[in-house]
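Chemist:
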Amino acid sequence: GKVRAPTHIVSTICDDRGEEPTYAGVPMSTIIEKDYGVGDVISLLWFKRSLPRYCTKFIEMCVMLCADHGPAVSGAHNTIVTARAGKDLVSSLVSGLLTIGPRFGGAIDDAARYFKEAHDKGLTPYDFVESMKKKGIRVPGIGHRIKSRDNRDKRVELLQKYARTQFPNVKYMEYAVTVETYTLSKANNLVLNVDGCIGSLFLDLLSSCAMFTPQEIDEIIEIGYLNGLFVLARSIGLIGHTFDQKRLKQPLYRHPWEDVLYTKYT
Ligand code: ACO
Ligand code: LMR
1 GKVRAPTHIV STICDDRGEE PTYAGVPMST IIEKDYGVGD VISLLWFKRS
51 LPRYCTKFIE MCVMLCADHG PAVSGAHNTI VTARAGKDLV SSLVSGLLTI
101 GPRFGGAIDD AARYFKEAHD KGLTPYDFVE SMKKKGIRVP GIGHRIKSRD
151 NRDKRVELLQ KYARTQFPNV KYMEYAVTVE TYTLSKANNL VLNVDGCIGS
201 LFLDLLSSCA MFTPQEIDEI IEIGYLNGLF VLARSIGLIG HTFDQKRLKQ
251 PLYRHPWEDV LYTKYT
């Protein structure tokens with residue numbers, strides 16, 4: 001019989017060998033003819049399946065709403081400084097992307113992990129938040145530098161409104177809101193932030209759309225797919241900031257001495 005030579009790479013999401021490439025088995029012509037959107041393409045290449053329209057629209061909303069948040073945030077600041085140092089597009093982009101992590105934009109996976117565990121164990125918000133405090137871990141998905149009880153994050157409101165009307169179930173998001181109610185009793189800026197909102201709503205999407213087994217959901221959370229949404233989204237804005245700086249012919253950035261406290265640690 002035929003002997004299959006062992007391969008060095010295994011790949012399961014895309015095949016470019018036929019007449020036309022396929023994403024998770026769906027030919028590109030179908031993607032165009034059926035008017036698929038970027039949410040469908042993300043579903044195929046990340047989750048290896050077509051998801052219902054309310055899910056792909058939610059994914060698209062996350063990408064659109066997280067595309068940018070002004071020039072002052074960590075990612076844009078790095079990108080702007082790099083572009084002004086004369087670096088190319090890719091360098092400026094990745095310099096900004098490298099700031100995405102547990103404090104900035106990259107708390108979505110951990111928010112999903114901790115909210116899921118706390119919800120499924122039936123922890124009260126008090127027990128959950130206080131147990132995190134005892135472990136010295138800030139609750140991922142809670143807190144913001146400029147957003148607060150009286151200056152809510154519009155992105156969070158828009159995503160919540162959409163999910164409350166379109167998702168079959170929003171139990172994880174509602175749990176996150178009860179956590180927010182408790183953390184707001186401690187400080188005004190301890191709101192459910194956009195990372196926490198996306199993390200909890202993605203748990204709702206995965207668990208209520210009947211397209212994923214519990215094992216697949218655990219794998220998605222364990223591997224950490226969800227920060228990918230912020231990385232993808234913010235790339236749009238960071239590329240925009242790079243072009244903006246180049247267009248404006250901005251000179252090398254040097255931070256002003258007056259804004260540095262030069263001191264000696266004792
Ligand atoms: N959980 C519990 N307590 C918190 C949290 C939190 N998530 N955030 C702040 N606090 C409390 C702590 O007591 C903190 O004191 P500590 O430094 O001793 O831990 C105190 O508030 C002071 O915090 P602030 O200075 O007001 O917060 P800061 O503005 O420095 O941080 C930040 C904002 C980084 C977002 C913070 O709230 C945090 O780490 N949150 C968790 C990570 C997260 O969700 N990041 C995503 C933000 S949204 C985005 O980037 C798109
Ligand atoms: C963002 O999306 O970049 C922000 O939520 C972070 C910030 O500091 O405003």
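Numbering of the sequence shown is given in this note's numbering, commencing with residue 1 and proceeding in unit increments. C-beta atoms are modelled at their ideal positions from N, C-alpha and C, and glycine is treated no differently. All values derive from a computational prediction rather than experimental measurement.
(1) At a cut-off of 7 angstroms, would you count residue 77 as near the ligand LMR, judging by its Cβ distance to the nearest heavy atom?
(2) With 16 as the cutoff for other CB atoms within 10 Å, does residue 17 come out buried or exposed?
(3) What's the C-alpha gap between residue 261 and residue 120?
(4) Just to confirm my understanding: we take residue 67, look at its own chain, exclude 5 residues before and 5 after, and list those with CB closer than 6 angstroms. What are they?
(5) Apart from the five residues just before and just after residue 255, which ones in its own chain have a Cβ nearer than 7 angstroms to its Cβ?
(6) By how many angstroms is the C-alpha of residue 239 removed from the C-alpha of residue 101?
(7) Sort out for me which residues DSSP pairs residue 22 with in a bridge.
(8) Among 60, 20, 84 and 1, which has the Cα closest to the Cα of residue 159?
(9) Since residue 115 is in the alpha helix (DSSP H), which residue starts that stretch and which ends it?
(10) With a threshold of 7 angstroms (Cβ to nearest heavy atom), would residue 49 be considered close to the ligand LMR?
(11) Would residue 39 and residue 109 qualify as a contact pair, given that the criterion is a beta-carbon distance under 8 angstroms?
(12) Kindly examine the ligand LMR and report whether one of its heavy atoms sits closer than 7 angstroms to the Cβ of residue 104.
(13) Which full runs of the alpha helix (DSSP H) of 4+ residues lie inside the stretch 210–259, going along the chain?
(14) Can you tell me which residues form a DSSP beta bridge with residue 148?
(15) Are at least three pairs of beta-carbons, each pair with one atom in the stretch 195–210 and one in the stretch 135–142, less than 8 angstroms apart?
(16) Could you tell me whether any non-hydrogen atom of the ligand LMR is closer than 7 angstroms to the CB of residue 139?
(17) How many Å lie between residue 221 and residue 116 at the Cα?
Modeler: With the structure as the only source:
(1) It does not: the Cβ of residue 77 is nowhere closer than 7 angstroms to a heavy atom of the ligand LMR.
(2) Within a 10 Å sphere around the beta-carbon of residue 17 sit fewer than 16 other beta-carbons, which makes this residue exposed.
(3) Straight through space, the alpha carbons of residue 120 and residue 261 are spaced by roughly 47 angstroms.
(4) Excluding positions up to five away in sequence, the list reads 233, 236 and 237.
(5) Hits under 7 angstroms: none found.
(6) Answer to the nearest angstrom: the Cα atoms are 19 angstroms apart.
(7) Its beta-bridge partners are 15 and 27.
(8) Checking every option, the nearest Cα to that of residue 159 belongs to 60.
(9) 108–120 is the extent of the alpha helix (DSSP H) around residue 115.
(10) No, the beta carbon of residue 49 sits no closer than 7 angstroms to any heavy atom of the ligand LMR.
(11) No, these two residues do not count as a Cβ contact at 8 angstroms.
(12) Yes, Cβ of residue 104 sits closer than 7 angstroms to a heavy atom of the ligand LMR.
(13) If you keep only unbroken alpha helix (DSSP H) runs of at least 4 residues inside the stretch 210–259, you get 214–223 and 227–247.
(14) Paired residue(s): 151.
(15) Yes, since at least three Cβ pairs between the stretch 195–210 and the stretch 135–142 fall closer than 8 angstroms, the two stretches touch.
(16) Proximity of the beta carbon of residue 139 to the ligand LMR is not indicated: no heavy atom of the ligand is located closer than 7 angstroms.
(17) Distance between the alpha carbons of residue 221 and residue 116: 9 angstroms.
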